[in-house]
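Student: Each protein sequence line maps, in turn, to chains A and B.
For what it's worth, the working numbering labels the leading residue of the first sequence as 3, then goes sequentially.
For what it's worth, the working numbering labels the leading residue of the second sequence as 19, then goes sequentially.
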Amino acid sequence: MKRSHNILLIVAVIVLAVCPLFLVQKPAPDANGERAEIFAGADDKARHMVSEIDPNYKPWFEPLIEPASAEIASLLFALQAAIGAGVIGYYLGSAVTRDKMQRAQNAGKNSGKA
Amino acid sequence: MHIMEGFLPVQHAIGWGVASAPFVAYGIFAIKKRIAANPEQRMLLGVAAAFSFVLSALKLPSVTGSCSHATGTGLGALLFGPVAMAPIGLVVLLFQALLLAHGGLTTLGANIFSMAIVGPFAAAAIYRLARGAGASFAVGVFLAASLADLLTYVTTSVQLAMAFPDPVGGFMASFLKFAGIFAITQIPLAISEGLLTVLIFNALRRFNAEDLQKMKLINQAEALEATA
């Protein structure tokens, strides 16, 4: 029951992430035969919106370091996710083992009493 | 929800920094106190920080045709109290601002305020309300995490609308424009965040039922049921 519950949760998350890929239509190509980009970052869209609302606004500070390319940026994002996933994995691994050992110990005690 | 480097006027950048600083400072104090009293909870603190690390790194596609990411702050807010998430959010956002040019140092205060203050406080309040209204543990967690995620993005929209009011429609018109970008995109992602937070809480409930009971997230009957 509990396990199926968890699997359902994971499936729902995957469906939510995959559906937009099929639901969103690619925009028609413009005069040059180029298509507008889809699935760009919302943060980037907000930046364009700022320029639209206030065309005179000039950002007054530049990032100190910019990732050298999109590949390097995705490397760093992957690194961030990997660090997090590693810690969670460590927790789950040690929790499962501790739980098993506790259960085994309790079972041993009970059989000793009987 | 990351406002890009340099994209808040100086007064706003300073204002949000000043608003966020006391939360970060008190958060560090609160975490230290909690860990001193309950050293065994150090592992859970790590899980809460790691969860935010993972979720804020994964940019997911949304039905609006743009990508955004979850925040992962609901988990830590429920475990350690909302103020504990302020310093954790600072670490996540600083990593992204310094190494990824995602967000920025000048917008750090504003981004901490939306992701690591408004979100976590909303999560804690919503969880209490939901449980008070008789919702189950899972439903309470789901509502808290997903609405906290959504409110984070609403906050970002408010921050940008305050800095860049529409020349014709003023704050409201501008807010609707930014909310159209952030909040609508976020709805399916907020649902995902809610589901993932329930998933990790299912594990915590099974393996750390005593801790959750101590944190008053579940009652004794629920703790016994979880470990049975």
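The beta-carbon is built from N, C-alpha and C at its ideal position, and this holds for glycine as well.
All of these numbers come straight from a predicted model, not from anything done at the bench.
Is A:Met3 close to chain B, meaning its C-beta is less than 9 Å from at least one C-beta of that chain?
Tutor: Model confidence at A:Met3 stands at a pLDDT of 46, short of 50, so the residue's coordinates are unreliable and nothing is read from them.
Student: Give the residues of chain A in contact with B:Gly64, contact being defined as C-beta atoms less than 9 Å apart.
Tutor: What B:Gly64 touches in chain A: Val89, Ile90, Tyr92 and Tyr93.
Student: So which residues on chain A does B:Ile130 lean against when the C-beta distance must stay under 9 Å?
Tutor: Ordered by position in chain A, no residue passes the 9 Å Cβ test against B:Ile130, which lies about 16 Å from the chain.
Student: For B:Ser132, which residues in the same chain have their Cβ closer than 6 Å to its Cβ, ignoring the five residues on either side in sequence?
Tutor: Closer than 6 Å at the Cβ level, and outside the excluded window around B:Ser132, lie Met19, Thr170, Thr173 and Thr174.
Student: Answer yes or no: do B:Gly33 and B:Gly121 have a C-beta to C-beta separation smaller than 9 Å?
Tutor: No, the pair does not count as a contact, with Cβ atoms beyond the cut-off.
Student: So what does B:Leu78 bridge to, in DSSP terms?
Tutor: Beta-bridge pairing links B:Leu78 to B:Ser86.
Student: Determine whether the beta carbon atoms of B:Leu97 and B:Met180 lie at a separation below 9 Å.
Tutor: For B:Leu97 and B:Met180, no; Cβs fall outside 9 Å.
Student: With a Cβ-Cβ cutoff of 9 Å, do A:Pro69 and B:Leu108 count as a contact?
Tutor: Not closer than 9 Å, so no.
Student: Which of the three DSSP states is assigned to A:Asp42 in this structure?
Tutor: Checking the sequence, you will find Ala at residue 42 of chain A rather than Asp. It is a strand residue.
Student: Output the distance between the C-alpha atoms of B:Gly137 and A:Asn112, rounded to the nearest integer angstrom.
Tutor: One C-alpha to the other measures close to 47 Å.
Student: Would you identify the three-state DSSP class for B:Asp184, choosing helix, strand or coil?
Tutor: Correct three-state label for B:Asp184: strand.
Student: DSSP three-state call for B:Thr174: helix, strand or coil?
Tutor: B:Thr174: helix per DSSP, three-state reduction.
Student: If you scan the segment 96-151 of chain B from start to end, which runs of the alpha helix (DSSP H) of 4 or more residues do you find wholly inside it?
Tutor: The qualifying runs are 103-118, 126-130 and 137-150.
Student: Are the C-beta of B:Arg146 and some C-beta of chain A separated by less than 9 Å?
Tutor: No, B:Arg146 does not count as interfacial toward chain A.
Student: Grouping DSSP H, G and I as helix and E and B as strand, with all else coil, what is B:Met19?
Tutor: Coil.
Student: Quick check on DSSP: helix, strand or coil for A:Tyr121?
Tutor: There is simply no residue 121 of chain A to check, as chain A begins at 3 and stops at 116 in what is shown.
Student: Could you check how far apart the C-beta atoms of B:Ile135 and B:Ala163 are, in whole angstroms? I think they sit under 8 Å.
Tutor: Going by Cβ atoms, the distance from B:Ile135 to B:Ala163 rounds to 16 Å, so no, they are not a contact pair.
Student: Mind pulling the chain A residues with CB within less than 7 Å of B:Asp184?
Tutor: What B:Asp184 touches in chain A: Ile55.
Student: Taking B:Met22 as the query, report the chain A residues whose CB atoms sit under 9 Å from its CB, ordered along the chain.
Tutor: Those are Asp45, Asp46, Ala48, Arg49, Val52, Pro61 and Pro65, listed as they occur along chain A.
Student: Using a C-beta to C-beta distance shorter than 7 Å, which residues of chain A count as neighbours of B:Leu213?
Tutor: Neighbours of B:Leu213 on chain A, chain order: Leu11, Ala14 and Val15.
Student: How should B:Ser70 be labelled, buried or exposed, when 16 other C-beta atoms within 10 angstroms of its C-beta is the threshold for buried?
Tutor: Burial call: buried.
Student: Go through the segment 23-83 of chain B residue by residue and report every complete run of the beta strand (DSSP E) that reaches 3 residues or more, in order.
Tutor: The qualifying runs are 77-79.
Student: Identify, in the order they occur along the chain, each residue of the same chain with its Cβ nearer than 8 Å to the Cβ of A:Val98, setting aside the five sequence neighbours on each side.
Tutor: There are no such residues.
Student: Within its chain, find whatever has a CB closer than 8 Å to the CB of B:Ile21; leave out the 5 residues flanking it on each side and keep chain order.
Tutor: These residues qualify, in order along the chain: Gly121, Gly122, Thr125, Ala128, Asn129, Thr174, Gln177 and Leu178.
Student: Nearest to B:Phe47 by CA position, among B:Val159, B:Pro100 and B:His30, is which residue?
Tutor: Closest option to B:Phe47, Cα to Cα, is B:Pro100.
Student: Output yes or no for whether 9 Å exceeds the beta carbon distance between A:Val52 and B:Gly83.
Tutor: For A:Val52 and B:Gly83, no; Cβs fall outside 9 Å.
Student: Nearest CA to the CA of A:Phe79: which residue from B:Ser80, B:Ala239, B:Phe113 and B:Gly92?
Tutor: Selected option, being the one with the closest Cα: B:Phe113.
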